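Once you know that position 109 of the sequence shown is 108 in numbering that gives the first Met the number 0, the rest is easy, because the numbers rise by one and skip nothing.
Single-structure report; data block below.
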Amino acid sequence: MRLVYLKLWVILQSKSLRLECGGNSYETGLPEALGNLTKLENLELIEFLIPENLHKTLEKLENLKSLNVWPDTSNQPAAQVNSYTLNTVAKLKSLQQLEWGILSNNNSSIILDGEDMNKQHTQNNQEWIPFLPASDNGYDALSESLTEYISLVNFKEKLTKLLPNTKLNVFSAQTISREEVDS
Numbered sequence: 000m001r002l003v004y005l006k007l008w009v010i011l012q013s014k015s016l017r018l019e020c021g022g023n024s025y026e027t028g029l030p031e032a033l034g035n036l037t038k039l040e041n042l043e044l045i046e047f048l049i050p051e052n053l054h055k056t057l058e059k060l061e062n063l064k065s066l067n068v069w070p071d072t073s074n075q076p077a078a079q080v081n082s083y084t085l086n087t088v089a090k091l092k093s094l095q096q097l098e099w100g101i102l103s104n105n106n107s108s109i110i111l112d113g114e115d116m117n118k119q120h121t122q123n124n125q126e127w128i129p130f131l132p133a134s135d136n137g138y139d140a141l142s143e144s145l146t147e148y149i150s151l152v153n154f155k156e157k158l159t160k161l162l163p164n165t166k167l168n169v170f171s172a173q174t175i176s177r178e179e180v181d182s
């Protein structure tokens, strides 16, 4: 995967970029590769692990107007992945549009009512999204047992407060088949 990202410099003039199925490790070279795409206006990271420090790169992309993320929770704890992604998008104050696809899978970002789960997270047929508790030092990846669940409605409200000038769309998304991507 790292080689793929390092070769992205070839498309430096691109204004739109869609990347899918970005690996199962945060150490992908994604921030370094994107940092070279200074003309980028629209970025789609579909089924990606969003590194905790990606915002440092995206903030420097002065032309970036639209971001579409589907955080990949299939190989890492959903609360950690969601927290890192939220940390990244919250710092992109100049975004005009943000789309956040919440994937449903075995290590789900969404917990649906009716599934076997703790009753305190089940009210009024809502969907719940796991996050790590925030602290002054960011997120504690080791505190998975302290996972906080935010309803989809509250999550949208939180994004609206963090990015008041950004058009937001939060939606449930289906996992892309790895076989489709490989063929």
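Beta carbons: idealized from backbone N, C-alpha and C, even for Gly.
Predicted, not measured: the structure shown is a model, and the values here were computed from it.
Residue burial is scored here from C-beta neighbours: Q173 has fewer than 16 other C-beta atoms within 10 angstroms and is therefore classed as exposed. In the three-state reduction of the DSSP assignment, K92 falls in the coil class, being assigned neither a helical nor a strand state. With fewer than 16 other Cβ atoms inside 10 Å of its own Cβ, E61 counts as exposed. In the three-state DSSP reduction, I175 falls in the coil class, being neither helix nor strand.
When C-alpha distances from Q12 are compared across G28, N41, I49, E98, the shortest belongs to N41. DSSP places N67 outside any alpha helix (DSSP H); the residue lies instead in the beta strand (DSSP E), whose first and last residues are 65-70. Under the DSSP assignment, E147 falls in the beta strand (DSSP E) whose first and last residues are 147-150.
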